[in-house]
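Here is the structure we will look at, set down as structure tokens.
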Amino acid sequence: MAEDRIPDDDLLTADPHPESAPDSAEVEVRPDDRIDDERHDEENRLKPEYVSAVHLALEAGDKGAVYDLVEPLHAADIADLIELLDRSERAELASAISDLMTGDVIAELNDYVREDLMEALPAQAVATIAEQLDTDDAVQLIEDLNEADQRAVMAELEPETRAAVSSALAYPEETAGRLMSRDFVAVPEHMTVGNLIDFLREEGDLEHDFFEVFIIDERHHPVGTCALNWVLTTPRSVRLTDLMKRDQTLIPVTMDQEEVALMFQKYALISAAVVDESGRLVGQMTVDDVVHIISEEAGEDALLMSGA
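The sequence shown begins at 181 in this note's numbering and counts up one residue at a time.
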């Protein structure tokens, strides 16, 4: 996971000498300035000549040139590029830019293209891509493979990743246990705000994008949540149990994904704790996960309506 540290307290204060800062108000950023004309046309689509340059670099087997061409692209553009290439070229490209194959790229790919691409890649290459992803994204990637390919990829994963993916695959498809993220921040209820801030500063392996901290008891049961803005605006001596929000929505690992989406919609949730049969905190669902669920369900409904 990406490192995410809370800045020092003095960095949270306003600049006492704003006149010393660059006059950013005079810098006008126009929409056209954000478009890289070397790669995009007027509608911000990849230019045919750019795609051709990538194609030629792949034909020449020049992985360095391929990487240099693709590295500046946004994740959505990388996904578009993959979809524009032939099947054999897709596999070559993914191998050449394995560390750029992030969860954002995978999420942008058409389901058919993603599954086809993973089947075309050797197990080691798929494992390398999976290691770049959050656990829930890695699970989504691997679960689409046939059983033989799944076993081959699992054998190439790091032990920690393999254990997390195996745990997720043990749950039925389209349940919270299969879809949840196992990357979250949870701390014991005896902590103070100061303890929590120190922990967040010192911890080098934080979930890269989180909005709240789960508070747990000695049985690892979630007893409340603290939003980050509360933590940063509360005196260090305050106990988390005096600050936290106690009423929270808990999602059982066995809950169907449609029910999860409905719960997020009903209660306007950003994230929610996922608990096992004994009530222990085992993961979290976020609004990003729900967006994926809604997109997937909409696709299934469209297929049913078309009679496919």
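Every residue, glycine too, gets a C-beta built ideally from N, C-alpha and C.
Here the structure is a predicted model, which means the values were calculated and not measured.
Item                                                                                                                                                                         : Value
Checking 9 Å against the spacing of the C-beta atoms, do G404 and R426 come in under that value?                                                                             : yes
Compare the beta carbon distance of D271 and A305 with 9 Å and say whether it is the shorter of the two.                                                                     : This sequence places Ala at residue 271; Asp is not what is there. Yes, the Cβ-Cβ distance between A271 and A305 is below 9 Å.
Have a look at D221 and S475 and give me their C-alpha separation to the nearest angstrom.                                                                                   : 28 Å
Can you check DSSP and say which residues form a bridge with F394?                                                                                                           : A366 and T405
Would you call the CB atoms of A348 and G357 closer than 9 Å?                                                                                                                : yes
Taking all protein chains shown into account, do 16 or more other C-beta atoms lie within 10 angstroms of the C-beta of E327, making it buried, or fewer, making it exposed? : exposed
At the level of alpha carbons, what is the spacing between H235 and E269?                                                                                                    : 8 Å
Do L359 and V168 have their beta-carbon atoms positioned less than 9 Å apart in this structure?                                                                              : A question about residue 168 goes unanswered here, because the residues of the chain that appear run from 181 up to 488.
Does the beta-carbon of Y230 have 16 or more other beta-carbons within 10 angstroms, so that it is buried, or is it exposed?                                                 : buried
Using a Cβ-Cβ cutoff of less than 7 Å, which residues in the same chain neighbour E295 once the five nearest sequence positions on both sides are dropped?                   : D324
Residues bridged to R419 by DSSP?                                                                                                                                            : T372
Consult DSSP for A182 and reduce its assignment to one of helix, strand or coil.                                                                                             : Confidence in A182 is poor, its pLDDT being 40 and thus under 50, which makes the residue's placement too unreliable to answer from.
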